[in-house]
Amino acid sequence: MATKISNAAMFGLSPENMSSHEHLPLELDSSFLNTSTVIALCVFFALLCACIIIGHLLEENRWANESITALLLGLCAGGVVLLVRKGESSHLLKFSEDLFFLYLLPPIIFNAGFQVKKKRFFKNFSTILLFGIFGTVISFCIISLGVFWIFRKIGVKSLSLKDHLAIGAIMSATDSVCTLQVLSQDETPFLYSIVFGEGVVNDATSIVLFNSVQTLDFHNIDGLTVLKLIGTFLYLLFTSTALGIAVGLLSAFIIKTLYFGRHSTDREFALMILMAYLSYLLAELLNLSGILTVFFCGIVMSHYTWHNVTESSRITTKHAFATMSFIAETFIFLYVGMDALDIDKWRESKASAGTSAAVSSTLFALVLVGRAAFVFPIANILNCVQKRESSKIHFKQQFIMWWAGLMRGAVTIALSYNQFASYMRESPESALMITSTIIVVLFSTIVCGSVTKPLIEAVLLRHRKPMVSDFTDNLSLEDLSVLLLESADPNNSNNNQPAGRASSFRLLISHPTTTVHYFWRKFDDRFMRPMFGGPGLVPFVPSTPTGAADESSSA
Numbered sequence: 062m063a064t065k066i067s068n069a070a071m072f073g074l075s076p077e078n079m080s081s082h083e084h085l086p087l088e089l090d091s092s093f094l095n096t097s098t099v100i101a102l103c104v105f106f107a108l109l110c111a112c113i114i115i116g117h118l119l120e121e122n123r124w125a126n127e128s129i130t131a132l133l134l135g136l137c138a139g140g141v142v143l144l145v146r147k148g149e150s151s152h153l154l155k156f157s158e159d160l161f162f163l164y165l166l167p168p169i170i171f172n173a174g175f176q177v178k179k180k181r182f183f184k185n186f187s188t189i190l191l192f193g194i195f196g197t198v199i200s201f202c203i204i205s206l207g208v209f210w211i212f213r214k215i216g217v218k219s220l221s222l223k224d225h226l227a228i229g230a231i232m233s234a235t236d237s238v239c240t241l242q243v244l245s246q247d248e249t250p251f252l253y254s255i256v257f258g259e260g261v262v263n264d265a266t267s268i269v270l271f272n273s274v275q276t277l278d279f280h281n282i283d284g285l286t287v288l289k290l291i292g293t294f295l296y297l298l299f300t301s302t303a304l305g306i307a308v309g310l311l312s313a314f315i316i317k318t319l320y321f322g323r324h325s326t327d328r329e330f331a332l333m334i335l336m337a338y339l340s341y342l343l344a345e346l347l348n349l350s351g352i353l354t355v356f357f358c359g360i361v362m363s364h365y366t367w368h369n370v371t372e373s374s375r376i377t378t379k380h381a382f383a384t385m386s387f388i389a390e391t392f393i394f395l396y397v398g399m400d401a402l403d404i405d406k407w408r409e410s411k412a413s414a415g416t417s418a419a420v421s422s423t424l425f426a427l428v429l430v431g432r433a434a435f436v437f438p439i440a441n442i443l444n445c446v447q448k449r450e451s452s453k454i455h456f457k458q459q460f461i462m463w464w465a466g467l468m469r470g471a472v473t474i475a476l477s478y479n480q481f482a483s484y485m486r487e488s489p490e491s492a493l494m495i496t497s498t499i500i501v502v503l504f505s506t507i508v509c510g511s512v513t514k515p516l517i518e519a520v521l522l523r524h525r526k527p528m529v530s531d532f533t534d535n536l537s538l539e540d541l542s543v544l545l546l547e548s549a550d551p552n553n554s555n556n557n558q559p560a561g562r563a564s565s566f567r568l569l570i571s572h573p574t575t576t577v578h579y580f581w582r583k584f585d586d587r588f589m590r591p592m593f594g595g596p597g598l599v600p601f602v603p604s605t606p607t608g609a610a611d612e613s614s615s616a
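And the structure:
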């Protein structure tokens with residue numbers, strides 16, 4: 062993405078102080094590492110340790126979670142840095158898009174795909190796409206129109222049409238990272254699947270919309286512009302997904318064919334990490350959606366590649382990916398909290414407290430309206446289509462879906478910097494947009510994030526009954542197999558035409574998700590697993606517990 066802030070600058074390195082060490086021998090240079098870099102790393106690692114300890118102590122607390130803890134610690138640390146530097150800005154407090162998009166976001170999204178419960182996710186896939194794509198577009202339109210109409214009345218008049226549309230895309234991006242921490246995959250599986258799946262698709266859609274706005278020629282807008290936007294989005298959606306699936310299958314084929322576990326389990330683990338990260342980098346290199354690519358790469362790797370490695374590597378990869386994701390999540394919220402106290406952008410905005418509050422309130426109010434404008438209508442349309450009462454999304458669930466998607470995070474801040482940072486010094490209103498975005502992110506994360514858990518307990522879990530809608534289908538694969546076998550029995554047919562095909566079509570209409578899953582399982586068992594591996598294929602290595610058990614039994 063354009064307008065990158067270098068990582069060296071973020072940690073205090075600059076070409077001047079780096080060049081001063083170029084001609085010094087390594088053994089004689091006692092300050093080969095820049096002091097600012099070491100201080101920054103010490104501060105961040107100390108804060109990460111503090112977040113882990115405090116998060117453990119607050120594990121049972123209803124109102125706090127690790128994201129809020131990290132955000133507040135980041136704010137406190139930023140305040141201390143400002144006091145130490147006597148109100149002057151520090152490179153330690155500057156947000157880096159490179160650091161976020163290239164190093165912090167990929168492990169989080171990959172682990173989400175790697176750990177997601179695939180059966181439930183794909184059963185709700187059509188619903189996820191409706192909320193993630195159409196919902197984001199509706200929110201984008203409402204926020205853009207609202208900003209264009211209201212900002213002029215507030216007194217913010219220098220923003221262009223491109224800026225208004227960019228704000229719509231920026232504020233449409235939900236925070237899927239915080240969603241992982243406030244929703245439970247075990248307590249509310251249906252809501253977790255929908256809200257998190259929508260969050261991943263939403264982030265990708267928002268970034269695509271944002272990039273499309275950057276490429277639009279606002280002097281020549283016609284009817285073909287909308288078609289170009291739709292075509293670009295569909296192209297990015299399918300190509301990004303296909304790239305993630307292809308890299309995941311390639312990793313499964315390589316590990317299954319070469320079988321690294323014979324000599325070293327470290328190599329197969331390293332290959333999984335590198336190929337997962339490679340999928341993200343390839344997507345960014347090809348101007349695709351890295352979020353979608355690495356997410357589906359994680360799903361494919363968990364279904365095929367993970368089952369091809371040794372038992373010790375399975376345990377290692379599962380915990381290593383979760384640990385990297387956890388550290389990256391915590392680091393992001395620390396980073397956002399410290400960036401909020403970068404004093405330069407607050408000085409550049411030159412806005413009064415009343416103007417800043419009015420702009421921030423307007424943005425958050427439009428986020429509320431924009432999300433409500435698609436969550437409740439789409440949910441009720443789906444309810445009209447669903448024939449069974451147990452498969453419908455009830456109003457309480459709709460309300461939690463609306464509330465849990467109000468949080469905004471680092472993606473929103475990164476896009477805001479991309480749009481307005483280069484004009485911050487020339488235009489005070491560009492700086493105002495960045496500071497207002499930070500206020501919305503802080504408010505939504507702290508307030509909405511802290512209230513979500515108690516709200517779920519009060520609305521859904523207090524007198525909770527087992528809900529079939531968590532599974533979206535009563536019919537199991539075994540029941541479907543029996544129905545297909547019975548319908549294919551010639552004794553049950555009154556004519557000579559094959560009854561199995563007609564019955565399969567009827568089952569596809571009456572139970573679409575379960576029927577597709579049934580035929581996918583048959584295709585997977587017959588064609589995919591023999592080539593790429595999968596569940597039930599346990600590699601034999603004498604040094605592993607499985608291999609040792611097999612050797613003892615054969616002896």
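The working numbering applies: residue 62 is where the sequence shown begins, and numbers increase by one.
No residue lacks a Cβ here, since even glycine has one placed at the ideal position from N, Cα and C.
Cα-Cα separation between residue i and residue j, rounded to whole angstroms
i, j, result
"ASP531", "SER488", "Confidence at ASP531 is low in this model, with a pLDDT of 43, below 50, so the placement of that residue should be treated as unreliable; the coordinate-derived value is given next. So the alpha carbons of these two residues sit roughly 50 Å apart."
"LYS48", "ARG582", "Residue 48 lies beyond the residue range present for the chain, which begins at 62 and ends at 616; the question has no answer from this structure."
"LEU427", "SER301", "30 Å"
"ALA230", "ALA440", "22 Å"
"THR354", "PHE171", "9 Å"
"ALA666", "TRP463", "This structure does not reach residue 666, given that the chain is present from 62 up to 616, and the question cannot be answered."
"GLY415", "CYS509", "23 Å"
"TYR341", "GLY351", "5 Å"
"ASN369", "GLN459", "40 Å"
"LEU226", "PHE251", "33 Å"
"SER413", "ASN444", "47 Å"
"PHE186", "ALA173", "15 Å"
"LEU191", "SER325", "44 Å"
"GLY594", "LEU335", "20 Å"
"LEU476", "PHE156", "11 Å"
"LEU429", "HIS380", "37 Å"
"SER516", "ILE461", "It is worth fixing the name first, because residue 516 is Leu in this sequence and not Ser. Approximately 8 Å between the Cα atoms of the pair."
"ILE204", "PHE584", "44 Å"
"ALA344", "LEU298", "11 Å"
Residue i burial status per 10 Å Cβ neighbour count (16 or more: buried)
i, result
"ILE114", "exposed"
"THR371", "buried"
"LEU538", "A caution first: LEU538 carries a pLDDT of 48, below 50, which makes its placement in the model too unreliable to give a value."
"TYR478", "buried"
"THR276", "exposed"
"ASN553", "Since pLDDT at ASN553 reaches only 46, below the 50 mark, its modelled position is unreliable, and the value read off the structure follows with that caveat. Exposed is the call here."
"GLY398", "buried"
"PRO596", "exposed"
"ARG587", "exposed"
"CYS110", "exposed"
"ASN263", "buried"
"MET494", "buried"
"ALA12", "No answer is possible for residue 12: the residues shown for the chain start at 62 and end at 616."
"PHE106", "exposed"
"ILE442", "exposed"
"LEU395", "buried"
Integer-rounded CB distance, given that residue j should sit under 8 Å from residue i
i, j, result
"ASP287", "LYS223", "The amino acid occupying residue 287 in the given sequence is Val; Asp does not appear at that position. Actually they do not touch by this definition, with Cβ atoms about 16 Å apart."
"GLU259", "GLY193", "4 Å"
"VAL502", "ILE474", "6 Å"
"ALA401", "LEU136", "6 Å"
"MET232", "LEU424", "6 Å"
"MET333", "THR366", "6 Å"
"MET468", "SER511", "Actually they are not in contact, since the Cβ atoms of MET468 and SER511 sit about 11 Å apart, beyond 8 Å."
Three-state class that DSSP yields for residue i in the structure shown
i, result
"GLN447", "coil"
"PRO596", "coil"
"ALA125", "coil"
"ILE316", "helix"
"ARG146", "coil"
"GLU490", "helix"
"SER350", "coil"
"SER301", "helix"
"HIS324", "coil"
"ALA549", "Because ALA549 carries a pLDDT of 45, less than 50, the predicted location of this residue cannot be relied on, and the following value inherits that uncertainty. Looking at ALA549 - three-state DSSP - the assignment turns out to be helix."
"LEU87", "In this prediction, LEU87 has a pLDDT of 40, which is less than 50 and means its spatial position is unreliable; what the coordinates show is noted afterwards. If DSSP states are grouped into helix, strand and coil, LEU87 belongs with coil."
"HIS455", "coil"
"PHE387", "helix"
Residue-chain proximity (residue i, chain B), Cβ-Cβ < 8 Å
i, result
"LEU132", "Of the protein chains in the structure, only one exists, and it is not chain B."
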